[in-house]
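Input: a single structure, listed below in structure tokens.
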Amino acid sequence: MKALARELIWFFIAAILSIPIAYFFIYLMGLSPEGAQLSKTEEVFQMELFIIGAILGFVCTYFIRVIIWSVAKYLTEDDS
Numbered sequence: 907m908k909a910l911a912r913e914l915i916w917f918f919i920a921a922i923l924s925i926p927i928a929y930f931f932i933y934l935m936g937l938s939p940e941g942a943q944l945s946k947t948e949e950v951f952q953m954e955l956f957i958i959g960a961i962l963g964f965v966c967t968y969f970i971r972v973i974i975w976s977v978a979k980y981l982t983e984d985d986s
């Protein structure tokens, strides 16, 4: 039960961290509208990129969590 609670907490942490990562992803793309305002097509494209950035942020957060877990497991392993 403790492991399930820990994974649930990490799920929510990854979900919360994915939002700023998605905004950063959009910022790095450096998109600018053709005219004075965004057209409907550009708005849809920007939202698609935002969702892709959020998914990448979520996956990368879990990937980093697994790397940290494996390094900690390796370092705390008994040599017996």
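Position 26 (the sequence shown) corresponds to 932 in the working numbering; numbering is contiguous.
Heads up, the beta-carbon is just placed ideally off N, CA and C, and yes, glycines get one too.
Query: Residue burial classification, residue 936 (beta-carbon count within 10 angstroms, cutoff 16); Result: exposed
Query: Contact belief for residue 964 with residue 938 at Cβ below 8 Å, rounded distance in angstroms; Result: With a Cβ gap of about 27 Å, residue 964 and residue 938 do not count as contacting.
Query: Separation of residue 929 from residue 973, as counted between CA atoms; Result: 24 Å
Query: Status (buried if at least 16 other CB within 10 Å, exposed otherwise) for residue 941; Result: exposed
Query: Own chain partners of residue 952 with C-beta closer than 8 Å, once the 5 adjacent residues on each side are dropped; Result: 932, 937, 944
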